[in-house]
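Numbering (this note's numbering), first residue to last: 10 to 286. Backbone N, C-alpha and C define an ideal beta-carbon position, used for all residues, glycine too.
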């Protein structure tokens with residue numbers, strides 16, 4: 010006998026009726042336009058700048074990204090200038106931001122944009138997915154913010170907001186649940202302002218609907234939040250148990266000769282790939 014899906018399952022669609030969706034969009038967009046943070050990549054519609062910011066923001070806090078973004082834009086103001094740069098120069102400017110594969114992918118993607126797209130970022134979600142380092146969420150964010158494409162962008166912040174709104178009682182990092190949350194986001198998306206809507210949901214998750222101690226009193230969506238109605242906002246979303254971290258042991262040595270230091274470049278892939286040691 011097959012197990013029936015729970016009503017709280019994120020795989021369900023139609024969580025909100027049409028009137029609720031309209032009211033929810035209006036409330037969220039009005040809040041965002043009043044309270045959004047002043048970030049340098051929000052002052053431009055340049056697709057290159059938006060792409061750069063989205064790559065840097067992957068798994069990295071806004072406060073850490075801001076100075077790196079500003080230095081990168083000053084040094085490489087166009088995609089062509091980035092494509093023409095030496096990889097070592099790009100990685101040197103990236104140094105300290107972490108996840109160095111992003112820097113390598115950024116450089117390679119810039120070359121692809123110049124070689125295959127005449128220096129212009131692809132305008133559609135599918136085209137953006139062909140670029141190195143661009144996944145489903147990043148492509149949706151760029152397409153909606155830079156080109157007004159009606160594509161819902163669902164990152165960790167958005168998943169948390171949607172899970173609370175829809176009272177999802179299943180682990181949001183399970184693939185079927187993630188797909189269900191994507192469908193809810195698609196259903197809610199404001200077609201006339203998809204970029205603002207996506208950024209508003211992200212902003213809400215980053216500043217109000219936080220992982221711990223969400224500020225429900227200040228939330229513009231509190232009237233529609235099923236988790237808050239039941240006092241469950243601090244226990245949702247659920248996640249699967251984390252795997253034990255992998256321990257990597259390494260030995261290091263500094264080799265000097267005649268006041269010269271021996272450096273070796275690591276292989277391109279794997280831990281700290283492409284860096285010098």
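What is the residue span of the alpha helix (DSSP H) that residue 243 lies within?
Locating residue 243 in the chain shown gives position 234, counting from the first residue. Careful: residue 243 lies outside any alpha helix (DSSP H) and carries neither H nor E.
Quick check on DSSP: helix, strand or coil for residue 56?
Locating residue 56 in the chain shown gives position 47, counting from the first residue. Here residue 56 sits in helix by DSSP.
Is the beta carbon of residue 130 closer than 8 angstroms to that of residue 57?
Position 48 of the chain shown holds residue 57. Position 121 of the chain shown holds residue 130. It is a contact, given that the beta carbons lie within the stated cut-off.
Find the nearest neighbour of residue 114 within the set 128, 135, 92 and 133, judged by alpha-carbon distance.
For the purposes of this step, residue 114 is identified with residue 105 of the chain shown, where counting begins at 1. Selected option, being the one with the closest Cα: 92.
Taking the beta carbon of residue 179 as the centre, do at least 16 other beta carbons fall within 10 Å, making it buried, or is it exposed?
Counted from its first residue, the chain shown places residue 179 at position 170. Burial call: buried.
Using CA coordinates, which residue listed in 73, 29 and 44 is at the minimum distance from residue 212?
In the chain shown, counting from the first residue as 1, residue 212 sits at position 203. Among 73, 29 and 44, the Cα nearest to that of residue 212 belongs to 44.
Would you tell me roughly how many angstroms separate the C-alpha atoms of residue 188 and residue 167, rounded to the nearest one?
By one-based count along the chain shown, residue 188 stands at place 179. By one-based count along the chain shown, residue 167 stands at place 158. C-alpha separation (whole angstroms): 13 angstroms.
Would you mind giving the Cβ-Cβ distance between residue 198 and residue 159, rounded to the nearest angstrom? I have them listed as a contact below 8 angstroms.
Position 189 of the chain shown, counted from the start, is the residue given in the question as residue 198. Position 150 of the chain shown, counted from the start, is the residue given in the question as residue 159. Between residue 159 and residue 198 the Cβ distance is about 6 angstroms, and since that is below 8 angstroms, they are a contact.
Restricting to Cα atoms, I'd like to know which of 96, 242, 37 and 144 is closest to residue 64.
By 1-based counting over the chain shown, the position of residue 64 is 55. Closest option to residue 64, Cα to Cα, is 144.
For a minimum of 4 consecutive residues, which ranges assigned as the alpha helix (DSSP H) are wholly contained in the segment 149-223?
Runs found: 165-174, 184-197 and 203-216.
Tell me whether the segment 34-48 and the segment 226-243 touch, counting them as touching only if at least three CB pairs, one residue from each stretch, are closer than 8 angstroms.
Here the segment 34-48 lies against the segment 226-243, with 3 or more beta-carbon pairs under 8 angstroms apart.
From residue 66 to residue 163, what distance separates their C-alpha atoms?
Counting from 1 along the chain shown, the entry for residue 66 is found at position 57. Counting from 1 along the chain shown, the entry for residue 163 is found at position 154. Their backbone Cα atoms lie some 14 angstroms apart in a straight line.
Just mark residue 133 as buried or exposed, buried being the case when its beta carbon has 16 or more other beta carbons within 10 Å.
Taking the chain shown and counting its residues from 1, one reaches residue 133 at position 124. Residue environment analysis places residue 133 among the exposed positions, since fewer than 16 neighbouring C-beta atoms fall within 10 angstroms of its C-beta.
When the distance is taken between beta carbons, is residue 170 closer than 8 angstroms to residue 210?
Position 201 of the chain shown, counting from 1, holds the residue named residue 210. Position 161 of the chain shown, counting from 1, holds the residue named residue 170. Result yes, Cβ atoms of residue 210 and residue 170 sit closer than 8 angstroms.
Please return the same chain residues whose Cβ sits closer than 8 angstroms to the Cβ of residue 146, not counting the five positions on each side in sequence.
Walking along the chain shown from the start, residue 146 turns up at place 137. So the qualifying residues of the chain are 162, 163 and 164.
Excluding sequence positions up to five away, which residues of its chain have a Cβ less than 7 angstroms from the Cβ of residue 349?
Because the chain here runs from 10 to 286, residue 349 falls outside it and cannot be looked at.
Candidates 153, 255, 218 and 271, of which the one nearest residue 294 by Cα
Here the chain covers residues 10 to 286 and nothing more, so residue 294 does not appear.
8 angstroms Cβ cutoff met for residue 102 and residue 109:
Numbered from its first residue, the chain shown carries residue 102 at position 93. Numbered from its first residue, the chain shown carries residue 109 at position 100. No, Cβ-Cβ distance for residue 102 and residue 109 is not below 8 angstroms.
Considering just the uninterrupted stretch of the alpha helix (DSSP H) at residue 78, what are its terminal residues?
Numbered from its first residue, the chain shown carries residue 78 at position 69. Counting along the chain, the alpha helix (DSSP H) containing residue 78 begins and ends at 71-84.
State the DSSP-derived secondary structure class of residue 266, mapped to helix, strand or coil.
Taking the chain shown and counting its residues from 1, one reaches residue 266 at position 257. In this structure, residue 266 counts as strand in the three-state DSSP scheme.
Of the choices 70, 32 and 61, whose alpha-carbon is the least far from that of residue 215?
Here residue 215 refers to the residue found at position 206 of the chain shown. Relative to the Cα of residue 215, the nearest Cα in the group 70, 32 and 61 belongs to 70.
Just to confirm the assignment, what range does the alpha helix (DSSP H) spanning residue 31 have?
As a working mapping, residue 31 is identified with position 22 in the chain shown. Unbroken alpha helix (DSSP H) run through residue 31: 27-44.
For residue 2, the nearest candidate out of 254, 193 and 111 (CA to CA)
Residue 2 lies beyond the residue range present for the chain, which begins at 10 and ends at 286; the question has no answer from this structure.
With DSSP run on the structure shown, which of helix, strand or coil describes residue 90?
The residue labelled residue 90 in the question sits at position 81 within the chain shown. Looking at residue 90 - three-state DSSP - the assignment turns out to be helix.
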